[in-house]
Amino acid sequence: MNVTGAPSIQQVATPRAVALGLALAVVVNIFSLTSHYLLGYTHLTFAHIDLALLIPFLLGVMGPNILLKAYRPAWGLRSRELLFVFVLGWVGFMVPTWGMSNYVVGIMASAEYYASPENQWRELFFPYLPDWLVVTNELNANRDYYWGLSENYPIPWAAWIIPSFWWLSFFGGLLAVGVCFVILMRRQWVEHERLSYPLVQTAVVMTETTDEEHFVVPTIMRHRLFLIGALATFSIMLWNTTAYWTQWFSLPIDANALLNVELGRAFPAHAIRMNVITFAFSYFINLDILFSVWFFQIINTLEQGILARVGITADSGTAVPGGLVAVQFIGGMIAFALWGFWIARRHLAMVWRHVMGKETNLRDDDEFFSYRAALVSGACGMAYVVWWLHAAGMSFPVIAVFLTLLFLFYFALCRVMAESGLVFLDLPINAHQFTVAMLGSASLSPQNLTGLGLGSAFARNWKTFTMITPSHVARLQSILGMSGRVLFFWSAVTFAVSAVTAIGYSAYTGYRMGGAANYYANVAGDPGFYGLIVTWMKNSTTISGAEVFFLVAGMLMVTGMTLARYYFSWWPISPIGFVVAAGGPARHAFFPVFLAWLLKTILIRIGGVRLYLSVQPLMIGIIVGYVLGAAIAVLVDYLYFRGTIHELQFF
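Per numbering that gives the first Met the number 0: the sequence shown = residues 0 to 650.
Written out as structure tokens, the structure is:
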């Protein structure tokens, strides 16, 4: 990654760059929600950098910028401005569909509509459901969201104001705590642990132009290998799109599985599928991490099958979907998060001394804001989150357990992404479900269970509140060469604009199209998010000894792998593959990750790091060609196959 000299703030956060970045964030949200609601795509927004971000950026910003610079060089965005625009679009991409909006809109809108005598929602948890967090059916506002309104009737926006305010204020508290984590840990991760941030590298390589006085195209796009990769994937996508009308075969780089591999009746089947986004981004990940991801998927399959063969199960049903093996991997995630705090203890102690006004060699003028401000805002955010959850019905002891698990999971994923860049990464377990599993639904009151059920709006979120994007934005601050305060300000503005856009547009599509067409509005109904509360209430459980054993075993295994990695330079296995192994996306990514590991291993063995670097343009080309081809496929689906779309990828 070639980083040029640091430009001034005025050269990066220019008025045109800010305007374009905010516009990109709005377009990303509307495009994401439209493709989800109107067309039915479910995976354009799943990954941390995905088609719903890359299509608007490449076609709406980068492409026109290249043409503009070719016509009048002085009018075009310089490379750091272009990167800044991408950053704001990336921040906006935290919000729509899988990011935040579908979860919270589903929670706000679905309770009243889907309640029925059959599911017993009104009897079981409605007495404990705060009316200030849901859209009530006053003046038929809730019913009309699902049935739709004609253009002659006004949208009842007033019914959405109160629940939207309280949810967004709560999210603001969560984000304040998360940003505090980012500020306190950034220097530790960047300067002490030297984490590589592969997604940052990819974004910089894709937008950087050296010798901008003579070239209008980003440097990497002038390589022959870039053109080969772009033409190859673009041609394949065009061929596959024409197959929508014909009986021709399509090349399997989409959501369909190539084949299912099954070792035996007791072993879970393993779908082998190709995902171009996963493959190309994985090329930038360290070899030991790539190896560990696919290696522990094999261990996952073998262990599940062996346990099933010998009949080892939990007494009360396992705490985590995926069984005892998944519980083991969750234990590894908890240990990974705790280890991250342990190795940062000296840095955090120095931060504390700095906040107390003692002499240190720390500087915080390049952070989003000062360490003292970070601690104060984080403490205020945490206090508000605790108050909000208590007002929503949870007791303080349950809140303590829930928030501890929630932020451990958030921190673990953020740390994993900073080191690995696994673009498909998901939370392998949701903190509210794991809290019920650990404490036992039998020991929790209906009010606590209802409050935990509301956690589906944020505890299952792996893109917004895990601080993955803000931590990457903080890393980009030094590359952009701009003030951290300015970067944080525009990032915060972008997130606020995106959140209002996403919730407002989701409500609009419901009233104008009928919210029953909204995929997550239906999932949030029975047997969805609220159905989970009923399941907890009707099935009293306590954690079993087998679950505790596998949880502790997972913690010990990750601790052992981490110590081996730190003390033995030859140790070949990263604990990251173990930490993410319980997540479905990690399992689905087995084949493209294996291919990326195999290709990278061969290249480094043959030509060393130099050969590996020389092939990077091919991977960027593969991404760009796939994105452009996907844009055509989406347009074709919109024009000719609306309602029967062709899913482009699967995570």
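The beta-carbon is built from N, C-alpha and C at its ideal position, and this holds for glycine as well.
Residue i classed as buried or exposed, judged by whether at least 16 other C-beta atoms fall within 10 angstroms
i      : result
Ala520 : Bear in mind that a pLDDT of 47 at Ala520, under 50, signals an unreliable position, so the model cannot answer this.
Gly524 : A caution first: Gly524 carries a pLDDT of 45, below 50, which makes its placement in the model too unreliable to give a value.
Glu190 : exposed
Gln246 : exposed
Ser168 : exposed
Phe457 : buried
Gly380 : buried
Arg609 : exposed
Ile398 : buried
Met355 : exposed
Lys537 : exposed
Asp253 : buried
Thr463 : buried
Leu451 : buried
Leu52  : buried
Ala158 : buried
Glu207 : buried
Ile311 : exposed
Gly62  : exposed
Asn460 : buried
Tyr113 : buried
Trp156 : exposed
Ile342 : exposed
Asp143 : buried
Leu19  : buried
Arg641 : exposed
Trp386 : exposed
Thr643 : exposed
Gly559 : exposed
Phe248 : exposed
Gly75  : buried
Arg586 : buried
Ala501 : buried
Identity of the residue in the options nearest residue i by Cα
i      : options                           : result
Met205 : Asn151, Ile65, Ser100 and Leu347  : Ile65
Gly483 : Arg362, Ala334, Lys599 and Pro155 : Arg362
Trp244 : Met560, Gln648, Asp636 and Leu647 : Asp636
Asn28  : Leu230, Trp535, Leu50 and Pro396  : Leu50
Val547 : Val324, Gly377 and Pro591         : Val324
Arg272 : Phe464, Leu262 and Leu257         : Leu257
Ser376 : Ala46, Glu122, Trp120 and Leu173  : Leu173
Phe367 : Ala242, Arg186 and Trp338         : Arg186
Asp425 : Ala24, Asn274 and Gly98           : Gly98
Pro396 : Leu443, Pro427, Met381 and Val350 : Leu443
Val496 : Phe56, Ser100, Gln10 and Lys68    : Ser100
Thr465 : Ser78, Ala265, Pro153 and Ala175  : Ala175
Val472 : Arg121, Phe92 and Thr41           : Phe92
Ile539 : Gly228, Ala441, Ala430 and Leu602 : Checking the displayed sequence, the identity of residue 539 turns out to be Ser instead of Ile. Of the listed residues, the one whose Cα sits closest to Ser539 is Ala441.
Phe170 : Leu594, Gly454, Thr209 and Leu555 : Gly454
Val86  : Ala69, Thr232, Leu627 and Leu198  : Leu198
Ile106 : Thr240, Val275 and Leu531         : Leu531
Ser543 : Gly322, Val492, Gly39 and Ala588  : Gly322
Gln10  : Phe30, Tyr40 and Val84            : Val84
Leu132 : Glu150, Arg121 and Trp165         : Trp165
Ala16  : Ala46, Leu43 and Val60            : Val60
Phe295 : Ala581, Arg264 and Ile154         : Ala581
Val90  : His431, Val492, Pro584 and Arg308 : Val492
Tyr409 : Val579, Trp238, Glu122 and Trp120 : Val579
Gly628 : Met236, Trp489, Ile298 and Thr209 : Met236
Leu123 : Tyr625, Tyr529, Arg79 and Thr232  : Tyr529
In DSSP terms, what residue i is bridged to
i      : result
Val260 : His269
Whole-number beta carbon distance between residue j and residue i, since they are thought to touch under 8 angstroms
i      : j      : result
Asp287 : Ser573 : 5 angstroms
Gly420 : Tyr196 : 7 angstroms
Gly513 : Gly147 : 4 angstroms
Val673 : Ala498 : Here the chain comprises residues numbered 0 to 650, so residue 673 is not present and cannot be evaluated.
Val592 : Val260 : The pair is not a contact, with the Cβ atoms about 15 angstroms apart (cut-off 8 angstroms).
Leu82  : Pro55  : No, Leu82 and Pro55 are not in contact; Cβ-Cβ is about 16 angstroms, not under 8 angstroms.
Phe225 : Leu617 : 7 angstroms
Met554 : Gly330 : 4 angstroms
Phe712 : Gly304 : Any question about residue 712 goes unanswered here, given that the chain covers just 0 to 650.
heavy atom of the ligand MN below 7 angstroms from residue i C-beta
i      : result
Pro155 : As far as ligands go, the structure on display features none, and thus does not contain the ligand MN.
Neighbour flag for residue i against chain B, beta carbons, 8 angstroms
i      : result
His213 : Reference to chain B is not applicable here, since this structure consists of a single protein chain.
Only counting runs of 3 or more residues, tell me where the beta strand (DSSP E) segments fall wholly within the segment 309 to 358, in order along the chain. Within the segment 309 to 358, no complete beta strand (DSSP E) run reaches 3 residues.
At 4 residues or longer, what runs of the alpha helix (DSSP H) sit wholly inside the segment 104 to 192? Entirely contained in the segment 104 to 192, the alpha helix (DSSP H) runs reaching 4 residues are, in chain order, 120 to 123, 140 to 146 and 157 to 186.
At what residue ranges does the segment 445 to 479 contain a whole run of the alpha helix (DSSP H), taking only runs of 4 or more? Under the rule that a run must span 4 or more residues, the alpha helix (DSSP H) segments found entirely inside the segment 445 to 479 read 445 to 452 and 467 to 479.
My parser needs the alpha helix (DSSP H) runs of 4 or more residues fully inside the segment 47 to 95; what are they? Segments of the alpha helix (DSSP H) lying fully in the segment 47 to 95: 50 to 56, 62 to 70 and 78 to 91.
Enumerated in chain order, which unbroken segments of the alpha helix (DSSP H) with a length of 4 residues or greater are wholly contained in the segment 495 to 579? Entirely contained in the segment 495 to 579, the alpha helix (DSSP H) runs reaching 4 residues are, in chain order, 518 to 522, 528 to 537, 544 to 566 and 575 to 578.
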